[in-house]
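This report refers to the structure that appears directly beneath it.
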Amino acid sequence: MSAFRAATWNLDGYGSGATSRLPRQLEVLESLRADVLVLTEVRDTTRLPGMSFWWSDQGQPPYAPRDRAVSIASRWRGHSLKVKDSRLSVCVALEAPAPLGVVIVYGTVIPYAMDGVRHRLATKWERHRKAVTDVLDDMNQLRANPAYRDASVVLAGDFNTNLDGSTWYGEPEARASLIDGLVRTGLRCHTLEDIRATRGSDRAIVDHVWSTANLLPVDSLQIWCDRKEPGRLSDHNGVAIQLASHS
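Below, the structure is given as structure tokens:
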């Protein structure tokens with residue numbers, strides 16, 4: 001097996017209607033036949049047949065303990081690796097079938113502009129900037145670790161910024177720092193498409209998939225859950241892509 005499918009989706013799983021939407025969301029996720037899923041704004045009661053789950057730390061007020069920022073789910077076995085902020089990120093070393101070998105998946109939520117502002121715990125974009133710094137620190141440490149020198153890496157989740165060259169959403173300095181930092185660690189982004197221009201979508205991509213350069217896409221992005229769709233299952237698009245190893 002040299003190719004696998006990775007996907008990420010923010011389930012909008014905390015608020016009203018989350019419980020009633022979940023069965024249909026699970027149907028969508030099962031239909032993807034993904035080997036690796038990075039789910040965000042998810043509850044720790046969420047399960048998919050045949051997949052193991054790794055969770056970020058429990059939610060803290062105003063979130064409930066069952067609310068988790070991130071979960072990584074996979075059909076492969078794996079073990080957790082340390083991250084700087086275990087409330088917002090999860091990292092797992094997965095045992096993928098040969099010839100892939102070890103695939104490290106890092107899932108994250110980089111907070112939106114107003115996170116913490118309402119409760120006067122932060123200023124606008126403050127938590128976003130902090131999370132960008134934490135993710136870059138984690139990536140730098142991971143890429144410098146000799147134990148994982150030959151491992152493939154996938155970074156995915158809700159970045160709360162678009163990377164398609166427009167200014168649809170995000171903080172410019174944080175976006176530039178994020179892009180520069182990840183490129184310096186040898187990662188490339190697979191979610192640069194401006195789907196508003198190419199597909200007539202209502203919103204830009206803010207849920208991204210990056211990987212090491214040895215993993216190349218073998219098909220176009222799969223996008224679902226546009227805001228214009230009736231009975232929309234989340235306030236975010238989902239993104240899936242087939243990646244193949246060319247090392």
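So the sequence shown is residues 1 to 247, counted in UniProt numbering.
Idealized CB from N, CA, C, for every residue including glycine.
| Item | Value |
| --- | --- |
| Thinking just about the alpha-carbon of each residue, which of Ala98, Trp76, Tyr106 is nearest to the one in Ser89? | Tyr106 |
| Got a sec? Which residues, its chain only, sit under 7 Å from Thr45 by beta carbon, not counting five neighbours each side? | Arg66 |
| Is the segment 114-121 touching the segment 165-184, taking contact as three or more C-beta pairs under 8 Å? | no |
| Going by C-alpha to C-alpha distance, which of Ala176, Tyr112, Arg43 sits closest to Leu136? | Ala176 |
| Kindly confirm or deny that the segment 9-17 and the segment 78-88 touch, where touching means at least three C-beta pairs closer than 8 Å. | no |
| For Val70 and Val38, which I take to be in contact (beta-carbon distance under 8 Å), what is that distance rounded to the nearest angstrom? | 7 Å |
| Considering only DSSP beta bridges, list what Ala7 is partnered with. | Leu37, Ala240 |
| Would you say the segment 99-113 touches the segment 146-161, given that touching needs at least three Cβ pairs under 8 Å? | yes |
| Compute the distance between the beta-carbons of Ser2 and Ser245, then report whether it is under 8 Å. | yes |
| Would DSSP call Asp158 helix, strand or coil? | strand |
| Does the beta-carbon distance from residue 282 to Leu32 come in below 8 Å? | Residue numbering for the chain in the displayed model covers 1 to 247; residue 282 lies beyond these limits and cannot be assessed. |
| Here's the rule I'm using: 16 or more other beta-carbon atoms within 10 Å means buried, otherwise exposed. How should Gln25 be labelled? | buried |
| Do you know whose CA, among Asn145, Ile195, Ala93, lies nearest Gln222's CA? | Ile195 |
| Check for me: the beta strand (DSSP E) holding Thr108 runs from which residue to which? | 102-109 |
| I'd like to know whether the C-beta atoms of Thr198 and Val209 end up nearer to each other than 8 Å. | no |
| To the nearest angstrom, report how far apart Thr19 and Pro146 are at their CA atoms. | 43 Å |
| Check whether the Cβ atoms of Ala113 and Asp164 sit closer than 8 Å, and answer yes or no. | no |
| Ordered along the chain, which non-local residues of its own chain (more than five positions away) have a Cβ less than 7 Å from that of Arg188? | Trp210, Ser211, Ala213 |
| If you run the structure through DSSP and keep just helix, strand and coil, what is Ser177? | helix |
| Please classify Ser56: is it buried, with 16 or more other beta-carbons within 10 angstroms of its beta-carbon, or exposed? | buried |
| Residue range of the alpha helix (DSSP H) that Ala197 falls in? | 195-198 |
| Go through its chain and collect everything with a Cβ distance to Cys91's Cβ below 6 Å, but skip five positions before and after it. | Leu81, Val83, Tyr106 |
| Could you tell me which of Met139, Trp224, Ala240 sits nearest to Leu233, measuring between CA atoms? | Trp224 |
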